[in-house]
Amino acid sequence: MSRAPLMLLVLMLFVFNTRQSGGEETTAEATNRPSALEMTIRRHFSAISGYQKGDLITKSQVEELQTYLRKTNRHCRAAHPMLLNWILPDDCRLSRLFYSQSGAEVLRTAAGELGSYAELEALTRSADSYAALVEAVESEDADTIVELALQGREPNDESQGKERPSRRSSRLYTVEEFLVETFKSTTNESQAHEAR
Numbered sequence: 212m213s214r215a216p217l218m219l220l221v222l223m224l225f226v227f228n229t230r231q232s233g234g235e236e237t238t239a240e241a242t243n244r245p246s247a248l249e250m251t252i253r254r255h256f257s258a259i260s261g262y263q264k265g266d267l268i269t270k271s272q273v274e275e276l277q278t279y280l281r282k283t284n285r286h287c288r289a290a291h292p293m294l295l296n297w298i299l300p301d302d303c304r305l306s307r308l309f310y311s312q313s314g315a316e317v318l319r320t321a322a323g324e325l326g327s328y329a330e331l332e333a334l335t336r337s338a339d340s341y342a343a344l345v346e347a348v349e350s351e352d353a354d355t356i357v358e359l360a361l362q363g364r365e366p367n368d369e370s371q372g373k374e375r376p377s378r379r380s381s382r383l384y385t386v387e388e389f390l391v392e393t394f395k396s397t398t399n400e401s402q403a404h405e406a407r
């Protein structure tokens, strides 16, 4: 055997062993690492002036993101136009109230306690509850907002000791919800592929 093929074999074994011993990340590490798409989405929203985690997102913010994604990642789910149907328009009552002078902080706090913006959006549907919501926002009273939202819930079934969960919604109110919906089909496809 000549020296060239032997050297090539040794070099290939060295490269293979180096990759196996620490040169590559494990599957668990790769799964826990955010994807480039997720990082792009998070960077887009964090670049918005005053944005904080848990803030309400609006249609124009997502449209701007999708325009960019269509140019760079043409076939990603986050750029699908149907997702815009699940995002609140900029001119709806909750969006306007959230992006008012004192709205973001108090509504973010109330939504955090309620688990979603869904019940806050429900408060904007009637004139009386919306007026009460506006007054609570202007006085920066998150507790009153939570109480108003809880009044809209059905009474808890105390005999079984279970609290009624907050309303489910087909809306995507936050970046986190947008990401879950964006990666839902990708995750389901990956799990189906792994099961085969």
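Numbered by my numbering, the letters in the sequence shown go through residues 212 to 407 in order. No residue lacks a Cβ here, since even glycine has one placed at the ideal position from N, Cα and C.
What's the C-alpha gap between ALA353 and ALA315? 11 Å
With DSSP collapsed to three states, give me the class of LEU267. coil
Return yes when the Cβ of TYR384 is within less than 7 Å of the Cβ of TYR310, no when it is not. no
Strictly by DSSP, which residues pair up with LEU408? For the chain, the structure presents residues 212 to 407; residue 408 sits outside this window and is missing.
Counted within 10 angstroms of its Cβ, other Cβ atoms place ASP266 as buried (16 or more) or exposed: buried
If you run the structure through DSSP and keep just helix, strand and coil, what is THR385? coil
Could you have a look at GLY323 and say whether DSSP puts it in helix, strand or coil? helix
Determine the DSSP secondary structure at CYS352, reduced to helix, strand or coil. The question names Cys, but residue 352 in the sequence shown is Asp. The answer is coil: DSSP assigns ASP352 none of H, G, I, E or B.
Rounded straight-line distance, which links the Cα of LEU294 to that of PRO300: 12 Å
Would you give the residue range spanned by the alpha helix (DSSP H) that ILE252 belongs to? 247-257
With DSSP as the reference, label ARG336 as helix, strand or coil. coil
List the endpoints of the continuous alpha helix (DSSP H) containing SER260. From DSSP, SER260 is part of no alpha helix (DSSP H); its letter is neither H nor E.
Buried versus exposed call for THR278 [16 or more other C-beta atoms within 10 Å across all chains shown]: exposed
Between ILE356 and ALA333, is the Cβ-Cβ spacing less than 7 Å? no
Have a look at VAL317, VAL386 and THR393 and flag the residue whose alpha-carbon is nearest the alpha-carbon of ILE259. VAL386
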